[in-house]
Structure formats: structure tokens, C-alpha cells
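Working notes for the structure below.
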Amino acid sequence: MQAVQIFTTGSTDVLTLSEIPIPTPGPGQALIRIEACGVNFIDTYFREGRYPTPLPYTLGQEAAGTVAAIGPGVKNLQAGDRVAWCGIPGTYAQFALAPADRLVPIPASITTQQAAAAILQGMTAHYLAHSTYPIQRGDEVLIHAGAGGTGLLLTQIAKSLGARVFTTVSTEEKAALSRAAGADEVILYTQKNFAAEVRRLTHDRGLPVVYDSVGKSTFEASLTCLRPRGVMVLFGGASGPVPPFDLIRLSTMGSLYITRPTLKDYIATPTDLHARASDIFNNIAFGNLKLRIEHTYPLKDAAQAQRDLESRQTTGKLLLLP
Ligand code: NDP
10 MQAVQIFTTG
20 STDVLTLSEI
30 PIPTPGPGQA
40 LIRIEACGVN
50 FIDTYFREGR
60 YPTPLPYTLG
70 QEAAGTVAAI
80 GPGVKNLQAG
90 DRVAWCGIPG
100 TYAQFALAPA
110 DRLVPIPASI
120 TTQQAAAAIL
130 QGMTAHYLAH
140 STYPIQRGDE
150 VLIHAGAGGT
160 GLLLTQIAKS
170 LGARVFTTVS
180 TEEKAALSRA
190 AGADEVILYT
200 QKNFAAEVRR
210 LTHDRGLPVV
220 YDSVGKSTFE
230 ASLTCLRPRG
240 VMVLFGGASG
250 PVPPFDLIRL
260 STMGSLYITR
270 PTLKDYIATP
280 TDLHARASDI
290 FNNIAFGNLK
300 LRIEHTYPLK
310 DAAQAQRDLE
320 SRQTTGKLLL
330 LP
């Protein structure tokens, strides 16, 4: 089978299309024929070496497809079932192994591609809005990169919970997409000081929460958007990692809270995993949550997909079709 691997870390040049044997499922595992896999920022962090991992490493952590075989002891699945999963490496490939208890069945009402496009970013948006900082009706919230894959979904969920949503985006085209997703106030942070805009638009009230996935270039200004006891949710670093931070500043800036959450801790139990995934899939099926699959690529173009994601040109979701 074909798989996109790295043998060393670095730029997208290190991505290699390899021919490797189809693996055999062990106890508790399933072998899945992948129909679509998501391209996520976290894949670029593994490629760069920001998250160290043994090499060679098959990239990708999100996919959907059809169960091809099951290993000993698997009771909840059979060959032919459509499933989606995330957080398990090795999805930039034609086949992958995954623990059967981490696979989520795909309802008949959504396509396999939709499931691959939604499971990681959708469950991320879900836990951020429902659990990390549970949004209350009337809350004013800031979401950076509002036209990105996660940003578009988080905006829709925040609106459905009754928030007034502020987003940041880099271009007018992205601003239109963010507004279409429901954002009330869209700030072009490449042209304006977003923190000053937030302060102006809230009459200096400040916000109870900022969802910041951009990191290095937005972190400091994001803190100044918060009201006393506000929550800074730093959930990514698309512009680079945030430098070390002196905790005394949380006190001087208004008894602020900072958290650096990650999806795996919010889907650690099968109950959480299935509840979040079914909520996302059902909302897509009912049309409450709109997915934007911006571009699909053949597996051999994985490097191009990552370059596109990193170049800041993309909106919504990018998929590889192995
Ligand atoms: P996006 O589709 O949101 O793409 C990233 C966006 O970040 C860009 O489109 C761009 O939007 C913005 N950006 C701002 N500065 C830069 C820069 N210097 N270089 C590149 N992009 C920049 O990606 P994802 O939805 O896949 O991921 C968004 C973030 O969420 C990532 O940081 C990722 O790591 C994080 N994440 C975290 C998870 C968690 O559980 N902690 C889970 C899933 C994702 P614009 O042009 O509008 O500025």
C-alpha cells in the first residue's frame, strides 16, 4: 500500500510516498481501508519535529473509511462498517490500523468524506465551546482564524449557544466566509489592531473568553481582550509557539486564567468520544453545522496540501483521498 512517511524532520520536502506492506490487525484492532484523511496543522508540527516522534513515521491523525478486517477479540465491528477516527497516527495512507474502541460509526446520513472532514476539527470545536469554557447565552467570545477549518465550526457552535462572536481573519474573502458562518464582528487583524477593536466594540468591557489557535503572533494582544477573570484558551500555534510566560502577569492583568487544552484529553473515555462525535455528525446531517471541504488532493500531493495549509491561503477543510 501507499503511505506518506517522514524519515527525518523538516520542510514539506521530507514527505516521502512509500510502498509498505498492508498491516495485519492485532488483538483489539481493526484494519481500515481509508477513503479520506484530514490534513491538520498538527501534522505539520510532527513533520517539523515540534512534537518529537520515532522515525520513520507515517503522517496524519484523522481519517474515515471502511473496515477491511478485524483482529482477535473485536466484537463491536465487522468488515464493511464505515468508521471515522482521529488522534491515532498513520492516516496519510491507503490502509491504517486503529484500536476498535476508538472508531466511531458513521451514520448513514453523512458521507465518509464529511466524517473525515469533521471528526477532528468538529470535536475540537465541540469541546472548546462546551467544556473548556462552556459558552453561555449572551457571552461575547473571540475566535482567531475564523475562516479556518476549526474556526468556521467553532463560530457556528458558539452562535448556536447564543454568543456574540468576534473573529479575526487575514483577508476580505475570509471575512465573508466567517460572516456566513455567523460571526457578528469580523476583524481583519492584518490591517487593524484586533485588541483595540475588541475593546472598542465591547465599550471596554472585555471578553470572558478568547479562543486562540494562532499563538505566537496573537497571544499577547489576546490577553488584553479579556475582562477580569477571563479565560485565555490557547489551543494552537499556527504562527509559532508562544514563548515562556511569567505567571505573575495573570494577577496583574486581572486574575486571568490560561489553559492549553488538547483534544485527546476531552475524548479520553469512549463515552466522551462517542457523545462528541455523534453530536457533530448529527448536526451535520440535520444541516445545523455546515462543513466547508475546500480542497481534496491525491495522496501523492500531501506535501502540496501541507504547503497550502501553512501558506495561510486555505479556508475550511483539506482532505487527502488515498
Ligand atoms: P486552519 O484552517 O485554522 O489554518 C490556520 C489558520 O491560522 C490560517 O488559515 C490563518 O488564518 C491563521 N494564521 C495566522 N497566522 C498564521 C501564520 N503565521 N501561518 C499560518 N497560519 C496562520 O487550521 P486548523 O483548523 O487545522 O487548525 C487551527 C489551529 O487549531 C492550529 O493551530 C491547530 O494546531 C489547532 N488545533 C488544536 C487542537 C487542540 O485540541 N488543541 C485540535 C485541532 C486543531 P488567517 O489567514 O485568517 O489568519
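10 is the number of the first residue of the sequence shown in our numbering; add one for each residue after it. For glycine and all other residues, C-beta sits at the position ideal for the given N, C-alpha and C.
Item	Value
What is the residue span of the beta strand (DSSP E) that T53 lies within?	Here T53 belongs to no beta strand (DSSP E); instead the alpha helix (DSSP H) covers 50-57.
For P108, which beta-bridge partners are listed by DSSP?	Q38
Quick check: the Cα distance between G155 and T177, rounded to an integer number of angstroms?	6 Å
Alpha carbon to alpha carbon, what distance is there between T18 and P63?	10 Å
Output the boundary residues of the beta strand (DSSP E) element that contains P307.	302-307
Which two residues bound the contiguous beta strand (DSSP E) that contains Q130?	Here Q130 belongs to no beta strand (DSSP E); instead the alpha helix (DSSP H) covers 121-136.
Should F7 be counted as a contact of ligand 1 given a C-beta to heavy atom distance under 6 Å?	Examination of residue 7 is not possible in this model, given that the chain is present from 10 through 331 alone.
Could you name the residues that DSSP lists as bridge partners for G74?	I43, V92
Spatial neighbours of H135 within its chain, please: C-beta separation below 7 Å, excluding the five flanking residues on both sides.	I166, R285, D288, I289
Considering only their Cβ atoms, is the gap separating V13 from Y142 smaller than 7 Å?	no
Taking DSSP as the reference, what is the three-state secondary structure of G147?	coil
Cβ of A284 within 6 Å of any heavy atom in ligand 1?	no
What's the C-alpha gap between P116 and E194?	35 Å
Would the beta-carbon of A314 be found less than 6 Å away from any heavy atom of ligand 1?	no
Identify the continuous alpha helix (DSSP H) that holds S187 and give its terminal residues.	181-189
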